[in-house]
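The structure under discussion appears below in the form of structure tokens.
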Amino acid sequence: SIPSSQSPLYPPNPPIITQGGYGGNPTPPSQAGESNPPFIPPRGEFQNGIDWVIAEISSYQIESSLQLAPQIGIWTTFTRDHLSRHKTLENYYQIKASLLHRCREQVFNGDDPYLAKLGLEHWGNAYWTSIKGKNGLICDPAKGIYIEDAWVRAFGELILPVSLFKMVGAHNQQNLLMAVAAAKLAGIEKGAIAEAIATFPGVPHRLENICTVAGVDFINDSKATNYDAAEVGLASVKTPAILIAGGEAKEGDDTGWMKMIQAKAATVLLIGDAAPSFAQRLEYFGYQAYEIVETMENAVKRGAEVAQQYHASVVLLSPACASFDQYQSFEHRGDHFRELCLQLKG
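Each residue of the sequence shown is one higher than the one before, starting from 2 at the first, in the working numbering.
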């Protein structure tokens, strides 16, 4: 990420690929290169051996980086988030869009309902992706990046078989397509793109497979800090799953997440401040297979027990909440979960 305090150090048009959006899609920067560089070099050092900077930019950072004009911008998803700061969905959209308008080239996830609705009317020169094949594109296939016949195709060219990509879930395939688009637009050779994808292990805290204990996979999805991201995470794992959820609740529509719980979760283990309110919501939806366990330690221990009881193959931490009631960050929460799982494995 680009710290706002460092934004004045940037040249106005550096070779930057930026990614915005969330709701379950945090990984394109990692797939295209390195996400969240810990240090952005000062202006004088920017061109010394650096071909591209790849950065994930939040709406907060966009507000304080009004001169930043990347060469390539990627918009992964658009969901109701950060409204306590931005007040309205329209205001939130305009902040995100302002950065994309300053980009020389734009890549959009055509499978995102909100972005697809805006479509070519608002972003006529953009590149669009779809995991639903050529017919799923909303643009000319010559400007499309899509999956068809089990192959990733970009601008009419075969890139690699989807089977070589290790990460699970439709949203990760969407991320894959956007990363391929950025790499192609940056002039990277097809062979290098294919090799990078085939050897990419994934990212921490986003459907990170920690370990397997007694036939049960323990998966860290701590970055799922809102309902949409948690819904995507749960949709991506095998059924039945044991879900660990809770923390500091956010505003938003939890309906889709609740329905996904009904469809896929054998039980839900609730932690943190949101546990009582989540229990009420689950009851409202007629779901009673939950337990309030309060802490991560209790959740991991209990998760291992009930996984055997329900013959579940997955214990998934996908909180649908911020972490600040019990942790310093979602990374801190995910690291603690990982530590507990590895202790369980012994």
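Yeah, the Cβ is synthetic: ideal placement off N, Cα and C, and Gly gets one too. Since the model is a prediction, treat every value here as computed from it, not as a measurement.
| Item | Value |
| --- | --- |
| Under 8 Å between C-beta atoms of ILE293 and ALA308 | no |
| Among LEU208, LEU177 and ASN210, the one whose alpha carbon lies nearest that of ILE194 | LEU177 |
| Beta strand (DSSP E) runs contained entirely in the segment 191-216, provided each spans 3 or more residues | 209-214 |
| Inter-residue Cα distance where the pair is GLY120 and PRO114 | 10 Å |
| Cβ contact check for the segment 295-309 and the segment 183-193: 3 or more pairs under 8 Å | no |
| PHE156: CB within 7 Å of a non-hydrogen atom of the ligand SAH | Within the structure as shown, the ligand SAH is missing, as the structure has no ligands at all. |
| Bridge partners - PRO241, DSSP secondary structure assignment | Paired residues: none, contrary to the question. |
| Alpha carbon of GLY170 to alpha carbon of LEU208, nearest angstrom | 9 Å |
| Alpha helix (DSSP H) runs contained entirely in the segment 276-314, provided each spans 4 or more residues | 276-285 and 297-310 |
| ASN110 - partner residues in DSSP beta bridges | THR130 |
| Residue closest to LEU343, alpha-carbon to alpha-carbon, out of SER60, PHE219, TRP76 and ALA182 | PHE219 |
| Run of the beta strand (DSSP E) containing LEU270, from where it starts to where it stops | 266-272 |
| Cα-Cα separation between PRO27 and TYR311, rounded to whole angstroms | Residue placement at PRO27 is flagged as unreliable, the pLDDT there being 47, under the threshold of 50; a coordinate-derived value is accordingly withheld. |
| Contacts around GLY273, its chain only, beta-carbon distance under 7 Å, and the 5 residues preceding and following it disregarded | GLY247, GLY248, GLU249, CYS322, ASP326 and GLN327 |
| Best match in ALA151, GLN174 and LEU159 for proximity to ALA143 [C-alpha to C-alpha] | LEU159 |
| Cβ of GLY273 within 8 Å of any chain B Cβ | Annotation note: the requested chain B is absent from the structure, which comprises a single protein chain. |
| Spatially closest choice to LEU90 from GLU252, GLN289 and VAL315, by CA coordinates | GLU252 |
| Alpha carbon of ALA180 to alpha carbon of ILE63, nearest angstrom | 21 Å |
| Beta-carbon contacts of LEU138 that lie in its chain and below 7 Å, excluding the five residues immediately before and after | GLY111, TRP129, SER131, GLY145 and TYR147 |
| TYR11 versus ALA242: straight-line alpha-carbon distance, rounded | Note on TYR11: pLDDT 48, under 50, position unreliable in the model; the coordinate value appears next. Between TYR11 and ALA242, the C-alpha separation is close to 45 Å. |
| Element boundaries [alpha helix (DSSP H), containing ILE63] | 60-64 |
| Simplified DSSP state of ARG154, which is helix, strand or coil | strand |
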